[in-house]
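Down below is the structure, laid out as structure tokens.
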Amino acid sequence: MKALVKTSAGPGFTLQDVPVPVIRDDEVLIRVHRAGVCGTDVHIHEWDAWAAGRCRPPFTVGHEFAGEVSQVGSLVADVSVGDRVTAEGHIVCGRCHLCRTGNSHICPNTKIIGVDRDGCFAEYIAMPATNVWHLDDDISFEVGGIHDPMGNAFHTALHGTSIPGATVLITGCGPIGIFAVGICRAAGASRIIASDVNPRRLELAKTMGAHDAVRPTEVESAVRAATEGLGVDVVLEMSGIPAAVHQAFALVRSGGRVQLLGIPAKSMDIELATEIIFKGITVYGVVGRRMYDTWIQMTQFLRSGQFDPRPVITHRLPLEKHAEAIAAIKSGEAGKVVFEIG
Ligand code: NAD
Ligand code: ZN
Numbered sequence: 077m078k079a080l081v082k083t084s085a086g087p088g089f090t091l092q093d094v095p096v097p098v099i100r101d102d103e104v105l106i107r108v109h110r111a112g113v114c115g116t117d118v119h120i121h122e123w124d125a126w127a128a129g130r131c132r133p134p135f136t137v138g139h140e141f142a143g144e145v146s147q148v149g150s151l152v153a154d155v156s157v158g159d160r161v162t163a164e165g166h167i168v169c170g171r172c173h174l175c176r177t178g179n180s181h182i183c184p185n186t187k188i189i190g191v192d193r194d195g196c197f198a199e200y201i202a203m204p205a206t207n208v209w210h211l212d213d214d215i216s217f218e219v220g221g222i223h224d225p226m227g228n229a230f231h232t233a234l235h236g237t238s239i240p241g242a243t244v245l246i247t248g249c250g251p252i253g254i255f256a257v258g259i260c261r262a263a264g265a266s267r268i269i270a271s272d273v274n275p276r277r278l279e280l281a282k283t284m285g286a287h288d289a290v291r292p293t294e295v296e297s298a299v300r301a302a303t304e305g306l307g308v309d310v311v312l313e314m315s316g317i318p319a320a321v322h323q324a325f326a327l328v329r330s331g332g333r334v335q336l337l338g339i340p341a342k343s344m345d346i347e348l349a350t351e352i353i354f355k356g357i358t359v360y361g362v363v364g365r366r367m368y369d370t371w372i373q374m375t376q377f378l379r380s381g382q383f384d385p386r387p388v389i390t391h392r393l394p395l396e397k398h399a400e401a402i403a404a405i406k407s408g409e410a411g412k413v414v415f416e417i418g
């Protein structure tokens with residue numbers, strides 16, 4: 077089969093012929109139809125310090141996908157050939173303290189497809205049946221293929237927050253931030269202020285329902301105006317840029333909540349006393365998607381029709397155009413980039 081492979085330690089991807097994966101008894105084989113491209117794939121492509129420290133080539137890249145089940149292992153009971161599915165790409169142990177207390181999204185034994193084992197930028201992928209998520213008949217493979225980053229946005233926006241009626245600041249309008257705008261809108265936020273340095277992405281945030289889509293220099297006055305100087309109830313930090321993290325702490329109201337999704341490239345200073353403690357705020361670190369409450373919530377929002385992620389998809393490309401896909405993401409001009417595989 078055709079697969080996009082990280083062949084060796086160093087920059088680049090190679091499209092090559094590899095054997096179709098052989099499944100274990102508890103796994104299923106999925107024919108991949110659509111696959112989302114993510115910032116993580118760019119890190120692996122560029123072979124930055126994180127990728128060099130974590131990944132062990134050769135392996136097939138990609139972790140966001142949807143497709144059709146083509147084979148099931150002998151121990152698999154609730155997935156059948158022909159099922160339309162996506163999957164949670166974090167494969168957890170199911171046995172550790174965290175897995176056994178409903179926190180498998182932070183299982184220390186997590187293996188990620190396309191990072192720690194073969195991924196989905198290929199015609200077929202093997203997945204443990206426990207990770208498979210069925211798609212409703214009216215959800216396209218394209219939308220199925222972006223459930224992973226949408227799930228990040230659902231997790232960040234809705235876990236431990238109270239969005240109905242809330243004022244929300246979303247710093248960073250990458251694909252996940254833009255999804256979050258639509259989710260907060262569907263969940264009944266009274267005011268959504270979204271910030272980014274990139275005008276194209278601010279436009280997408282507007283399309284998804286942001287009341288204000290502003291540059292970082294305009295955020296403070298937008299928040300003051302919308303909240304009579306109080307600060308917002310909730311901040312979703314989705315950029316990983318230190319200046320935006322400080323803005324999150326500065327502009328959340330006392331007693332409010334800051335959800336941190338964005339990952340800073342290196343360590344940064346935070347003035348704990350003034351930025352967090354004396355404001356009495358709650359800070360939540362987001363990792364992936366909660367298994368499987370985030371997935372249930374996401375499916376129900378999609379079913380309701382109140383949240384439609386499709387405007388976020390800006391690029392659709394065949395695997396052969398992988399260089400174009402990576403370039404589109406690096407340019408900062410793209411929303412979500414999707415490979416059309418089979
Ligand atoms: P992204 O990294 O492209 O989005 C970041 C956006 O922030 C960009 O549009 C950029 O222009 C914008 N930005 C830059 N400076 C800013 C500033 N000062 N104020 C506001 N915005 C600014 O794309 P993404 O895929 O949406 O990822 C968002 C973040 O989430 C990244 O840091 C990524 O590494 C992280 N991430 C975390 C998890 C997790 O599980 N915690 C999962 C996926 C991604
Ligand atoms: Zn575990």
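Numbering (my numbering), first residue to last: 77 to 418. For each residue, glycine too, the CB sits at the ideal point set by N, CA and C. Owing to the predicted nature of the structure, the values given are computational and were not obtained by experimental measurement.
Reduced DSSP category for residue i - H, G, I as helix; E, B as strand; rest coil
| i | result |
| --- | --- |
| Phe377 | helix |
| Asp117 | helix |
| Leu278 | helix |
| Phe89 | coil |
| Leu105 | strand |
| Gln382 | coil |
| His210 | strand |
| Thr237 | coil |
| Ala153 | coil |
| Gly112 | strand |
| Leu174 | coil |
| Arg300 | helix |
| Ile317 | coil |
| Ile352 | helix |
| Ala324 | helix |
| Ile372 | helix |
| Ile99 | coil |
| Ser180 | helix |
Host beta strand (DSSP E) of residue i (start-end)
| i | result |
| --- | --- |
| Leu336 | Val328 to Leu336 |
| Asp288 | Asp288 to Val290 |
| Arg392 | Ile389 to Leu393 |
| Phe415 | Lys412 to Glu416 |
Contact check, residue i vs residue j, beta carbons under 7 Å
| i | j | result |
| --- | --- | --- |
| Gly364 | Val388 | no |
| Val457 | Val359 | Beyond the ends of the chain as shown, which are 77 and 418, falls residue 457; an answer cannot be given. |
| Val137 | Gly195 | yes |
| Val168 | Ser180 | yes |
| Arg110 | Ala142 | yes |
| Gly165 | Ile189 | yes |
| Gly356 | Gly331 | yes |
| Trp371 | Trp209 | yes |
| Leu278 | Asp272 | yes |
| Val299 | Val308 | yes |
| Tyr200 | Arg107 | yes |
| Ile259 | Phe217 | no |
| Ala270 | Ala233 | no |
| Val413 | Ala404 | yes |
| Pro292 | Gly316 | no |
| Glu140 | Gly221 | yes |
| Ile353 | Val118 | no |
6 Å CB neighbourhood of residue i in its chain, flanking five on each side removed
| i | result |
| --- | --- |
| Gly253 | Ile246 and Met314 |
| Thr390 | Ala410 and Gly411 |
| Thr303 | Thr243 |
| Leu174 | Ile182 and Cys183 |
| Thr90 | Val81 and Thr83 |
Span of the alpha helix (DSSP H) around residue i
| i | result |
| --- | --- |
| Pro204 | Here Pro204 belongs to no alpha helix (DSSP H); instead the beta strand (DSSP E) covers Tyr200 to Pro204. |
| Thr232 | His223 to Leu234 |
| Lys406 | His398 to Ser407 |
| Val257 | Pro251 to Ala262 |
| Val219 | Phe217 to Gly220 |
| Gly129 | Ala125 to Arg130 |
Spatial neighbours of residue i in its chain, beta-carbon cut-off 8 Å, leaving aside the 5 residues before and after
| i | result |
| --- | --- |
| Asp102 | Gly149, Leu151, Val152, Pro204, Ala205 and Thr206 |
| Asp212 | Thr375, Leu378 and Arg379 |
| Val418 | First, the residue type needs correcting, since residue 418 is Gly and not Val in the sequence shown. Excluding sequence neighbours, Gly418 sits near Arg107, Val108, His109, Gly143 and Glu199. |
| Met367 | Glu164, His166, Val168, Ser180 and His181 |
| His287 | Arg267, Ile268, Ile269 and Ala302 |
| Glu296 | Gln323, Ala326 and Leu327 |
Beta-bridge partners of residue i, as assigned by DSSP
| i | result |
| --- | --- |
| His166 | Ile188 |
| Tyr360 | Gln335 |
| Leu48 | The structure shown does not extend to residue 48, since the chain is modelled only from 77 to 418, so the question has no answer here. |
| Arg160 | Glu144 |
| Leu80 | Leu91 |
| Phe135 | Lys82 |
| Arg193 | Ile189 |
Residues near residue i by beta carbon distance below 7 Å, same chain, minus five either side
| i | result |
| --- | --- |
| Lys96 | Residue identity check: residue 96 is Val in the sequence provided, not Lys. Hits under 7 Å: Met77 and Tyr200. |
| Cys131 | Lys82, Ile120 and Val191 |
| Asn185 | Val168, Cys169 and Cys172 |
| Gly285 | Val257, Gly258, Arg261 and Ile268 |
| Glu400 | Leu393 |
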